[in-house]
Every structure is written in structure tokens, then in C-alpha cells.
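Residue numbers for the sequence shown follow my numbering, so the first one is 39 and each next one is one higher.
Only one structure is covered here, and it is reproduced in the block below.
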Amino acid sequence: MVKGSALTKQLLSLGRGGVFAPKPINLNTLIDKAAGLFCRTRSGVAITRKLAPDLPSVEADPGQMEQVMLNLLVNAWQAMSRQGDMTLVSEAVTLSEAFCESYKRRPGRYVHLSLADTGKGMDEATLARIFEPFFTTKDVGQGTGLGLATVYAIIKHHQGIIRVDSQPGQGTTFHIFLPVSAKAAVAETTRDDAVLRGSGTVLLVDDEDGIRLVAGRILKQLGYQVFPAESGLRALEIYHRERDRIDLVILDMLMPGMGGAETFQKLKEIDPGVRVLLSSGYSLDGEAQQVMAAGARGFIQKPYRLTVLSHMVAEILGAP
Numbered sequence: 039m040v041k042g043s044a045l046t047k048q049l050l051s052l053g054r055g056g057v058f059a060p061k062p063i064n065l066n067t068l069i070d071k072a073a074g075l076f077c078r079t080r081s082g083v084a085i086t087r088k089l090a091p092d093l094p095s096v097e098a099d100p101g102q103m104e105q106v107m108l109n110l111l112v113n114a115w116q117a118m119s120r121q122g123d124m125t126l127v128s129e130a131v132t133l134s135e136a137f138c139e140s141y142k143r144r145p146g147r148y149v150h151l152s153l154a155d156t157g158k159g160m161d162e163a164t165l166a167r168i169f170e171p172f173f174t175t176k177d178v179g180q181g182t183g184l185g186l187a188t189v190y191a192i193i194k195h196h197q198g199i200i201r202v203d204s205q206p207g208q209g210t211t212f213h214i215f216l217p218v219s220a221k222a223a224v225a226e227t228t229r230d231d232a233v234l235r236g237s238g239t240v241l242l243v244d245d246e247d248g249i250r251l252v253a254g255r256i257l258k259q260l261g262y263q264v265f266p267a268e269s270g271l272r273a274l275e276i277y278h279r280e281r282d283r284i285d286l287v288i289l290d291m292l293m294p295g296m297g298g299a300e301t302f303q304k305l306k307e308i309d310p311g312v313r314v315l316l317s318s319g320y321s322l323d324g325e326a327q328q329v330m331a332a333g334a335r336g337f338i339q340k341p342y343r344l345t346v347l348s349h350m351v352a353e354i355l356g357a358p
């Protein structure tokens with residue numbers, strides 16, 4: 039079981055160990071990237087984008103903000119029973135002292151991002167708990183309740199504001215406000231020439247839908263087949279059935295219920311030679327170090343980067 043201190047560490051200590059790497063970015067670019075990826079991997083959803091031209095930059099970690107976008111998109115998609123319309127809007131706004139006071143933020147210029155869906159909406163009791171870790175309205179096995187808690191933690195860490203408007207039967211709108219940066223946005227560079235492609239089958243274990251979506255797509259682009267698993271228990275079921283086909287397990291360390299360390303030990307009981315790449319949103323320490331000492335083949339920090347993930351997987355699969 040995940041302890042409260044460990045959960046807080048994952049959700050709030052985003053800057054630890056080099057994970058948090060802010061730079062001036064244009065949110066429109068990130069919105070286009072996340073929405074495009076989501077539409078390519080989910081059918082039945084239409085996303086309308088109303089993005090302000092000449093949007094000011096914000097000081098943010100691109101990977102963490104991409105995680106925010108994907109978590110919100112997945113949440114909206116599930117709220118609409120996997121079909122419906124979403125609207126993404128970006129604009130520059132000036133927030134007053136009265137508005138910022140309750141959020142303990144400074145008044146001034148902010149970039150406002152909103153995501154509206156045509157889902158079933160939420161009542162006041164649900165709204166009051168929407169950002170609590172492990173709170174979920176989904177059926178058992180359909181979600182862990184960490185997606186929106188992670189979104190809240192990331193926005194808070196960026197000195198931003200997040201609020202939600204919703205009524206039963208009228209959909210939901212998430213509002214995010216991030217302080218405007220005085221610096222110009224830095225263009226993201228790519229290193230496609232450094233990407234290593236391969237073949238084989240990967241069991242991808244992570245309780246967050248958005249992370250499985252992104253990592254699964256990256257792995258498929260690299261040439262791998264993917265078995266996704268949303269929990270340690272589900273991972274064991276798949277590995278029991280498909281162990282002869284699975285070449286590598288990418289295992290999230292911090293999951294509700296059966297965590298990464300326990301899942302690793304049970305995988306070793308099934309197959310002492312199982313190859314496992316640990317993953318986490320924070321640095322390699324504590325329990326993760328113990329699992330590494332027990333025989334895990336490597337460690338990678340989230341959010342995943344194409345080049346880094348390609349090299350890690352290729353290195354492990356190329357080893358005896």
C-alpha cells in the first residue's frame with residue numbers, strides 16, 4: 039500500500055532530482071502537440087481549439103505540462119463515456135488581487151487555459167473532492183484517482199491556479215492560470231537521429247491513463263509491441279499468460295494497492311530472469327534503490343522522452 043508520505047513526495051516534489059526543468063514555453067505549441075496525440079489514439083472525440091495568437095510565454099516544465107494536458111484530456115474523455123466534444127481555449131488575462139487572494143497568488147498577467155467537455159458533469163460533493171489523491175467516481179479497476187491530484191500538484195508547483203466549473207448534466211470546464219514569463223519561448227529541439235528503434239514486446243505497467251497513452255505510443259513508434267497494465271495485479275495476470283512473449287517490463291514504482299517493489303518481487307517469483315526497467319516521477323532513491331539492488335535492469339524518470347526511452351530499452355534488450 040502506498041503511504042501518505044510517499045504519495046506526497048511523488049505529487050508535490052516535482053522539482054527533485056532534476057525532474058522539474060522549467061523554461062519559457064508557448065502553451066499553444068504544447069496544446070497542439072497533446073491534442074494531436076490524443077486524437078490519433080482515441081476515436082469518437084472532436085477537439086475544437088481556440089488558441090490566442092501571440093500568446094505570451096510561461097515558465098514551465100514542458101514534460102510536466104504535457105502530463106497535465108494528457109491527464110485532463112483523458113479525464114474529459116472518460117467523463118463523456120469516450121465520445122463527445124471538447125473545447126480547448128488559450129488567452130492572456132489580467133487577474134485581480136481579489137481573484138488571486140483566495141489562491142494565495144500574486145495578481146497580474148497570466149496565461150489562461152481552459153478545457154471544456156460535454157460530459158455528465160459533477161455535483162458539489164464531487165467537486166469538493168476532485169483533487170484528492172485516490173478519489174474517483176469510476177468503477178473499481180477503471181482508475182486510481184491520481185490523475186487530477188497530479189494535475190493539481192503540478193500547477194501548484196508552477197505557482198499557478200486551477201479551478202473547475204461543473205454542474206450535473208452540463209459538462210465540466212477546467213481552468214488553469216499560469217504566470218506570464220518575461221522571457222521569450224524556447225523552441226523545442228528534436229534529435230530523431232539519436233533515436234534507437236528495435237523489436238520485441240514490452241509490458242508497460244502504470245496506473246495513470248495519460249502516461250500509459252504516451253509511453254505506449256512512443257514504444258510502438260520505436261517498433262515494439264505493448265501490453266498495457268494499469269496495476270501491479272493486472273501486470274502479474276498478463277505476465278503469467280504472456281511471459282514467453284514479453285521481453286521487458288517497464289514498471290512504475292508508486293502505484294496504489296500493489297506497488298512497484300511488491301510487483302517486482304512477484305514477477306521474480308514467476309520468472310527469476312525477468313527484465314525490468316523501473317520508472318518514477320522523482321529521483322532514484324529509497325525503495326527504488328532497493329529494487330535496483332534486487333535485480334532491476336535500469337531506472338528511467340518520467341515524463342518519458344523519446345530519445346532517452348529508446349536508448350534505455352535498446353540497452354536492456356541488447357544485454358544478455
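All C-beta atoms in this analysis are idealised placements derived from N, C-alpha and C, irrespective of residue type, glycine included.
Treat the numbers as computed from the prediction; the structure is a model and nothing was measured.
Under the three-state reduction of DSSP output, LEU93 falls in the coil class, being neither helix nor strand. Taken through DSSP and simplified to helix, strand or coil, ASP70 comes out as helix. Collapsing the DSSP output to three states places PRO310 in coil. In this structure, VAL346 sits away from ASP290, with a CB-CB distance that is not shorter than 8 Å. In the displayed model, ARG80 falls within coil according to three-state DSSP, outside both helix and strand. When DSSP reads this structure, MET124 sits in a beta bridge with ILE85 and ASP155. Contact check for ILE284 and LEU241: beta-carbon distance about 5 Å, within the 8 Å limit, so the pair qualifies. With respect to VAL189, ASN109 sits close: the two C-beta atoms are nearer than 8 Å.
Look at PRO217 here: in three-state DSSP terms it is strand. Under the three-pair Cβ rule at 8 Å, the segment 66-83 counts as touching the segment 113-125. Comparing alpha carbon positions, the residue from PRO91, GLY238 and ALA273 closest to GLY356 is GLY238. Annotation: the continuous beta strand (DSSP E) that includes LYS61 extends over 61-63.
Counting the other Cβ atoms within 10 Å of the Cβ of LYS340 gives 16 or more, which makes it buried.
Ranked by how close their Cα comes to the Cα of LEU251, the residues ALA59, LEU68 and ALA72 have ALA72 in first place. Sequence-distant Cβ neighbours of SER152 in its own chain, meaning closer than 6 Å and more than five residues away, are VAL127, THR211 and HIS213. For ALA222, the closest alpha carbon among the candidates GLU268, ASP92 and LYS304 is that of ASP92. Bounds of the alpha helix (DSSP H) holding GLN327 are 325-331. Within the model, the alpha-carbon separation for GLU139 versus SER95 is close to 23 Å. In this structure, THR156 places its C-beta atom within 8 Å of the C-beta atom of MET118.
Residue state for TYR277 is assigned as helix, using DSSP reduced to three classes.
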